[in-house]
Each structure stands twice: as structure tokens, then as C-alpha cells.
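Residue 119 in my numbering sits at position 14 of the sequence shown, and the numbers go up by one each step. Single-structure report; data block below.
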Amino acid sequence: QKALNLIHKRSHGAVVIVDDGGLPVGMFTESDARGKDRYEHLVDIMSTDLITVDSKLSTREMFEELVKHHIEVAPVMDGKKMLGVVTRKGLVRSSIFKPALDKNGKLKVGVAIGINEDVPKRIKALEEMGVDVVLIDTAHGHQNGMMDAIKQARKASKDMYIIAGTVVTAQGTKDILNAGANMVKVGIGAGAVCTTRMMTGVGRPQLSAVMECVEAAKELDGFVMADGGIRHPRDVAIALAAGAATTMFGSWFAGTYESPADIHVETDGRMYKEQYGMASNRAVIERNQNVGAYEKLMKEFFEEGVSGSKMYIKPGEEGAEDVLDSIVAGLRSACSYTGANNLKEFHEKAVLGVQSPAAYNEGKPVAQSWT
């Protein structure tokens, strides 16, 4: 049972069993569990006919080894040390995409912090850890508390890349950049688990907000991150066409194996994960476990998010990498339609317009015959 839970935390669909010395001795996949009791020991049901690949092989050679042995996943060995696993899809991806690496060859890391923390202390600690990007995040970013936090962060580190938000206006964008941020996070109320617009009436259509904030950011050589409303590859393409440098989304990744939530299974066999908003009643309760009962109950009156949302594991997009594949494919195709060779050209050449709900539905694929 523990192994099955682990499988659904990674998209490669396997658990490698190692001995006390760290050498792989078997592999367990979901198919090995069919017809078996959930309390069986892995040693009794794992596959011991293990194929490994040498780390010295090229990406293509590793792929050919997997094809040769009719397997989808295999451990990678450096002598007697296991480095990890590779899959056919992963090997092809690694020949197409390049990871975002820092100057030391390590994956770049970003961390979010709030405005009510000891910002200078946090920034210095994160810088020492090797963090590359810091997001100073609060629901209402156009306030004095945010400006003070950005100034403190910039004073603590002149080199840290700082993103701050959230705002939806040109003035908010300018103030955040003038305070010392490199990029502004734009979007209020567009998230899948956000109820800010319904609760407060505060917010703005996402595309309008991005377009206005992008123009303001250009004046100060700053950049915009579009946050919220990203549900399909086309939403990423539209945000970048509007001039955003990047997009931010959470719900799409929430329905993947790699997200931290546990897998649940519906009666019809569909798997899903639960997610909730960080301003929801559920999140408020979790954040205030250590406050007094009176204060805790008072805080629970205010919520601007969904406390429980089912994000189903979508066939073909079970892993985070599958989602990224879909986004990149859609974005590349969008660039080809506009004759753009890069994202700068895409923004310059794309023509943005307004469409009605009927036009939107017209562009959706049909799952079955309409006759």
C-alpha cells in the first residue's frame, strides 16, 4: 500500500527497491499489484528482472536501451551508485528542453515570502542558501506595507531577483518597480480557488489588467508576471501575447502526481487531489492554530477562497512535465501562426481581440457527434 502511494507521487510510475548498500534489486509498478493483497511485501511481488542503464550513455543511447528491452523506465547507474531513473518521455524531453540552471549548474530556485515577516533576515538567509528568485506576495500589493518590504529586501540584497504583487493597475505596477522589484505579479480574483471578486467586488478582468500593467512596466524597464486564469495552453499564449514575461498558475499543477496532496479515488475509479485557497477558511484555521480561541474565531469570519476543490488526474497529463509539454506545444504553434521566432516578436506581432461566449464555444473541440 505504501508503494502504491509513492507511485502516485511521481509520474514515472515505478518504485525502485534497493538493498542496504543502495544497489537496486527490483522494481515495483502498479501492474505488479493487480490481484495482490495490499499488505503483501514488495520483496515477494516486485520484478527482479531489472534492466539498468549506464550514466555514461548519451540520451539517445539510453532511450534505445529502453526500447530494446521493451520497458518505459529504468534506474541509471554510475558504477555501483544509483543516480535516479529515466523514462522514454523524459529522455526525449531532455533533448528538447534545457533546464533553468544557476551559475553553479544547479536548478534555479524561487521562494515566496510575506510582507509581515522579518524581510531583511529572510532575504539574507535565502541568499546564503543559494535561492535565485524571491516573490514577495500578498493579496493586496499596492500598499505601504508592500513598498516597505520591497525596499528592505533590496537593501538586504542588491543582486536578488525580486518579484512582488499582486496588483492590477498601472500605478501599482510603477510603484512596485520604483520600490526596487524586478517584476510585478498581476492578477486579482482570477484564480480557480479564489473568491475575492465574489466576496469583495475587487478585481479586474485578467487580460485587461495584464495589458495595462505591461505598458506601465515597459516605461521602467520592468516585467510582468500574469497570475490567475491559466487553465489551457492558449491562456499562457494570450498572456505572453499581451506582453507578460511569464505566467503563474497552481490549479493546473495541483492535478498531477507531483503535487504534495494525497491521491483520492472516486467510486468510478477516477483519481483526484484536493486543493484549497490560501485565503480560504481552511487555510485560515491552519495558520492560526496557536492563537487564542476568541482571536481564532474572529479570523475565521473572513475568507476569500475555496476550502475544498477536486482536481482530477487528467489522462495524458498525469505528471507536471506532461502539463509543460502541452503548454510548450501550444505556445510554439501560436508563435508559428503569428510568424514569431521568439516571445518578443510574438508580443509585437500578435493581434488581441474580444470574443463572445458563442465564439469561445465555437473554438472548442467536440467530444462526440452533434447530430
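For each residue, glycine too, the CB sits at the ideal point set by N, CA and C.
Quiz item: Just checking my contact of Ser431 with Glu423 at CB under 8 Å: how many whole Å lie between their CB atoms?
Solution: Residue numbering aside, residue 431 sits at position 326 when the sequence shown is read from its first letter. Residue numbering aside, residue 423 sits at position 318 when the sequence shown is read from its first letter. Not quite, the Cβ-Cβ distance comes to about 12 Å (not below 8 Å), so this is no contact.
Quiz item: Could you give the residue range of the beta strand (DSSP E) that holds Glu379?
Solution: Position 274 of the sequence shown, counted from the first residue, corresponds to residue 379. Unbroken beta strand (DSSP E) run through Glu379: 376–380.
Quiz item: Residues in its own chain within less than 7 Å of Gly189 by CB, not counting five upstream and five downstream?
Solution: Here residue 189 refers to the residue found at position 84 of the sequence shown. Cβ neighbours of Gly189 beyond the five flanking positions: Val181.
Quiz item: Between Val178 and His117, which are expected to be in contact by the criterion C-beta below 8 Å, what is the C-beta distance as a whole number of angstroms?
Solution: Here residue 178 refers to the residue found at position 73 when the sequence shown is read from its first residue. Here residue 117 refers to the residue found at position 12 when the sequence shown is read from its first residue. Yes, they are in contact, since the Cβ atoms of Val178 and His117 sit about 5 Å apart, within 8 Å.
Self-check item: Run of the alpha helix (DSSP H) containing Ser356, from where it starts to where it stops
Solution: Residue mapping note: residue 356 aligns to position 251 of the sequence shown, counting from 1. It spans 356–359 - the alpha helix (DSSP H) in which Ser356 sits, taken as one unbroken run.
Practice problem: Give the straight-line distance between the Cα atoms of Glu371 and Ala108, rounded to the nearest whole angstrom. | Solution: For the purposes of this step, residue 371 is identified with residue 266 of the sequence shown, where counting begins at 1. For the purposes of this step, residue 108 is identified with residue 3 of the sequence shown, where counting begins at 1. For Glu371 and Ala108, the distance between alpha carbons rounds to 20 Å.
Quiz prompt | DSSP state of Leu155 mapped onto helix, strand, coil | solution = Taking the sequence shown and counting its residues from 1, the one referred to as residue 155 is at position 50. Coil, per DSSP.
Quiz prompt | Among Gly131, Glu135, Val289, Val191, nearest to Leu162 - alpha-carbon criterion | solution = Indexing the sequence shown from 1 puts residue 162 at position 57. Leu162 has its Cα closest to that of Val191, out of Gly131, Glu135, Val289, Val191.
Exercise. Answer yes or no: do Asp280 and Met252 have a C-beta to C-beta separation smaller than 9 Å?
Key: For the purposes of this step, residue 280 is identified with residue 175 of the sequence shown, where counting begins at 1. For the purposes of this step, residue 252 is identified with residue 147 of the sequence shown, where counting begins at 1. Using a Cβ distance threshold of 9 Å, Asp280 and Met252 count as a contacting pair.
Exercise. Return the chain-ordered ranges of every beta strand (DSSP E) run that is complete within the stretch 201–234 and spans a minimum of 3 residues.
Key: The qualifying runs are 215–218.
Quiz item: What are the partner residues of Ala269, as DSSP defines its beta bridges?
Solution: To locate residue 269, count along the sequence shown from 1; it is residue 164. Partner(s): Ile241, Val289.
Exercise. Could you please give the first and the last residue of the uninterrupted beta strand (DSSP E) stretch that includes Pro180?
Key: As a working note, residue 180 is residue 75 in the sequence shown. Where Pro180 is concerned, the enclosing beta strand (DSSP E) stretches over 178–183.
Quiz item: Do you know whose CA, among Thr153, Gly382, Ala275, Glu379, lies nearest Glu324's CA?
Solution: For the purposes of this step, residue 324 is taken as residue 219 along the sequence shown, with counting starting at 1. Out of Thr153, Gly382, Ala275, Glu379, Ala275 has the C-alpha closest to the C-alpha of Glu324.
Quiz item: Taking three-plus beta-carbon pairs below 8 Å as touching, is the stretch 245–259 in contact with the stretch 208–227?
Solution: yes
Quiz item: Under three-state DSSP, which class holds Leu188?
Solution: Numbered from 1 along the sequence shown, position 83 holds the residue referred to as residue 188. Reduced to three states, the DSSP call for Leu188 is strand.
Quiz item: The alpha helix (DSSP H) spanning Ile150 covers which residue range?
Solution: On the sequence shown, residue 150 is found 45 positions in, with the first residue counted as 1. Looking at the DSSP string, the run of the alpha helix (DSSP H) that includes Ile150 is 147–150.
Quiz item: Across which residues does DSSP place Val329 in a beta bridge pair?
Solution: As a first step, residue 329 is located in the sequence shown; it is residue number 224 there, counting from the start. Looking at the DSSP output, Val329 bridges to Val289.
Quiz item: Any idea which residues DSSP pairs Ser116 with across the strands?
Solution: Position 11 of the sequence shown, counting from 1, holds the residue named residue 116. Paired residue(s): none; Ser116 is not in a bridge.
Practice problem: Pair every Cβ in the stretch 334–354 with every Cβ in the stretch 305–316, then say whether three or more of these pairs are closer than 8 Å. | Solution: yes
Quiz prompt | Separation of Gln380 from Met416, as counted between CA atoms | solution = Numbered from 1 along the sequence shown, position 311 holds the residue referred to as residue 416. Numbered from 1 along the sequence shown, position 275 holds the residue referred to as residue 380. Each residue's alpha carbon lies about 7 Å from the other.
Quiz prompt | Beta-carbon separation (whole angstroms), Gly292 vs Thr271, contact threshold 8 Å | solution = Along the sequence shown, one-based indexing puts residue 292 at 187. Along the sequence shown, one-based indexing puts residue 271 at 166. Gly292 to Thr271, Cβ: 6 Å. Contact.
Quiz item: In the structure shown, what three-state DSSP assignment does Ile432 receive?
Solution: Taking the sequence shown and counting its residues from 1, one reaches residue 432 at position 327. Ile432 falls in the helix class under three-state DSSP.
Quiz item: Under the DSSP definition of a beta bridge, which residues are partnered with His369?
Solution: Position 264 of the sequence shown, counted from the first residue, corresponds to residue 369. Note: His369 sits in a beta bridge opposite Tyr377.
Quiz item: Considering Pro462, what are the terminal residues of the alpha helix (DSSP H) in which it resides?
Solution: Counting from 1 along the sequence shown, the entry for residue 462 is found at position 357. Here the alpha helix (DSSP H) through Pro462 covers 462–467.
Quiz item: Which term fits Met403, buried or exposed, when burial requires 16 or more other beta carbons within 10 angstroms of its beta carbon?
Solution: Reading the sequence shown from its first residue, position 298 is the one you call residue 403. Counting Cβ neighbours within 10 Å, Met403 comes out exposed, since fewer than 16 surround it.
Self-check item: Which listed residue (Ser461, Pro462, Thr443) has its alpha carbon closest to that of Glu453
Solution: Here the question's residue 453 lines up with position 348 in the sequence shown. Among Ser461, Pro462, Thr443, the Cα nearest to that of Glu453 belongs to Thr443.
Quiz item: Taking all protein chains shown into account, do 16 or more other C-beta atoms lie within 10 angstroms of the C-beta of Tyr362, making it buried, or fewer, making it exposed?
Solution: Walking along the sequence shown from the start, residue 362 turns up at place 257. Answer is buried; the Cβ neighbour count reaches 16.
Practice problem: Spatial neighbours of Phe358 within its chain, please: CB distance less than 7 Å, with the 5 preceding and 5 following residues excluded, ordered by chain position. | Solution: For this step, residue 358 is matched to residue 253 along the sequence shown. Cβ neighbours of Phe358 beyond the five flanking positions: Ser364, Ala425, Val428.
Practice problem: Output yes or no for whether 9 Å exceeds the beta carbon distance between Asn110 and Asp367. | Solution: Position 5 of the sequence shown, counted from the start, is the residue given in the question as residue 110. Position 262 of the sequence shown, counted from the start, is the residue given in the question as residue 367. Contact: yes.
Practice problem: Can you grab the Cα-Cα spacing for the pair Gly413 / Ala295, in whole Å? | Solution: Locating residue 413 in the sequence shown gives position 308, where the first residue counts as 1. Locating residue 295 in the sequence shown gives position 190, where the first residue counts as 1. Those two C-alpha atoms are separated by around 17 Å.
Exercise. Quick one: grab the DSSP three-state call for Gly277.
Key: Numbered from 1 along the sequence shown, position 172 holds the residue referred to as residue 277. Of the three classes helix, strand and coil, the one that applies to Gly277 here is helix, per DSSP.
Quiz item: For Ala205, which of Asp237, Lys229, Glu232, Arg193 has the nearest alpha-carbon?
Solution: What you label residue 205 is simply residue 100 of the sequence shown in a count that begins at 1. It is Asp237.
Exercise. Assuming Ala269 and Ile241 form a contact by the criterion Cβ under 8 Å, report the distance between their Cβ atoms to the nearest whole angstrom.
Key: Taking the sequence shown and counting its residues from 1, the one referred to as residue 269 is at position 164. Taking the sequence shown and counting its residues from 1, the one referred to as residue 241 is at position 136. Rounded, the Cβ-Cβ distance is 4 Å, consistent with contact.
Quiz item: To the nearest angstrom, how far is it from the Cα of Ile122 to the Cα of Phe133?
Solution: Taking the sequence shown and counting its residues from 1, the one referred to as residue 122 is at position 17. Taking the sequence shown and counting its residues from 1, the one referred to as residue 133 is at position 28. If you take the alpha carbons of Ile122 and Phe133, they lie about 8 Å apart.
Practice problem: Using beta-carbon positions only, say whether Pro129 and Leu155 come within less than 9 Å of one another. | Solution: Position 24 of the sequence shown, counted from the first residue, corresponds to residue 129. Position 50 of the sequence shown, counted from the first residue, corresponds to residue 155. Yes, the pair counts as a contact, with Cβ atoms nearer than the cut-off.
Exercise. Would you mind working out which of Ser441, Trp475, Val307, Leu282 sits nearest Met330, comparing C-alpha positions?
Key: The residue you call residue 330 lines up with position 225 of the sequence shown. Per the Cα distances, Leu282.
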